[in-house]
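Asks: One structure, pasted below without further comment.
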Amino acid sequence: MSAGIALAVLGDPLAYTRSPALHRAGLAAVGVPGSSAALRTSADALGERLRELAAHGFRGANLTTPLKEIALEHVDRVSEPARRARSVNTIGFGPDGTWGDTTDGPGFADFLGTLGRDPGRERVWILGAGGAARSVALALVEIGASVAVSARRPEAARASWRGIPGVVMRSWGAAPPVAEPTLVINATPSDPARLDRLPRRTLIVDLRYG
């Protein structure tokens, strides 16, 4: 491990990830030496990987698919938003053990603010029901937004959404669950459904990157 703060991003696949470059840029911006690595990690190997990182003095790691929900079982402490969203995308290592948090939702709300939008007034349609979708939904609901979700398997997804009250959930092929949405979020790893009947002013955001 090189001198300075050591960070990582964990998940599978990772070919698309830009997290190491973002980590290094962030460290450089505040004048802190450090490094970051993309470490391909399956769900079954997460516990062993976290123990390895802790033993080698890593300070933190970001998580992506398929690790966000299962990470709850592998950290010593978890933030309330991460517990309610059943999603951890950030893990820290310290003398008192590991902690987990989610930044997907707060980060998305901040992003809307940079566009001059009021997140609490949005009528939101989320495509997908995974960890990032739950974190974003929780943050927006708590601000006051109206949120509806289209899930490929809504019955299976509902158990993970119990900590987020007030969300309307529909099956993937059903009609849009919110009338005239002001914001549509694709939180699936695949291309979203056809969106050609949306109002012209609807903002569409794809959570995928790469």
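Under this note's numbering, the sequence shown is numbered contiguously, ending at residue 211. For glycine and all other residues, C-beta sits at the position ideal for the given N, C-alpha and C. The structure presented is a predicted model; accordingly, all values stated were derived computationally and were not measured.
Could you give the DSSP three-state label for A44: helix, strand or coil?
Replies: Of the three classes helix, strand and coil, the one that applies to A44 here is helix, per DSSP.
Asks: Helix, strand or coil: which one does DSSP assign to F112?
Replies: Helix.
Asks: State the beta-bridge partners of N63 as determined by DSSP.
Replies: DSSP output for N63 lists V10 and T91 as bridge partner(s).
Asks: Report yes if the CB atom of D105 is closer than 8 Å to the CB atom of A133, and no otherwise.
Replies: In contact: D105 and A133 (Cβ atoms closer than 8 Å).
Asks: The beta strand (DSSP E) with G101 in it runs from where to where?
Replies: Per DSSP, G101 belongs to the beta strand (DSSP E) from G98 to D102.
Asks: Could you pull out every unbroken alpha helix (DSSP H) segment of at least 4 residues lying fully inside the region 110–184, listed in chain order?
Replies: Segments of the alpha helix (DSSP H) lying fully in the region 110–184: 132–144 and 155–158.
Asks: Output needed for S147: all residues of its chain with C-beta closer than 6 Å, excluding positions within five of it in sequence on either side, in chain order.
Replies: If we look at S147 and ignore the five residues flanking it on each side, its Cβ neighbours are R124.
Asks: I need the DSSP call for L54, collapsed to helix, strand or coil.
Replies: Helix, per DSSP.
Asks: First and last residue of the alpha helix (DSSP H) that includes L199?
Replies: Premise fails: L199 is in no alpha helix (DSSP H) and is neither H nor E.
Asks: For the alpha helix (DSSP H) that contains L28, what are its first and last residues?
Replies: L28 -> alpha helix (DSSP H) spans S20 to A30.
Asks: Examine the Cβ distances between the region 83–103 and the region 56–68 and report whether three or more of them are shorter than 8 Å.
Replies: Yes, the region 83–103 touches the region 56–68.
Asks: What's the call for P166, buried or exposed, on a 16-neighbour Cβ count within 10 Å?
Replies: Counting Cβ neighbours within 10 Å, P166 comes out exposed, since fewer than 16 surround it.
Asks: Apart from the five residues on each side of it in sequence, which residues of its chain come closer than 6 Å, Cβ to Cβ, to V179?
Replies: Closer than 6 Å at the Cβ level, and outside the excluded window around V179, lie R124, W126 and A149.
Asks: I'd like to know if the region 198–207 and the region 72–87 are in contact, where contact means that at least 3 CB-CB pairs between them fall below 8 Å.
Replies: With a cut-off of 8 Å, the region 72–87 and the region 198–207 do not count as touching, because too few Cβ pairs lie within range.
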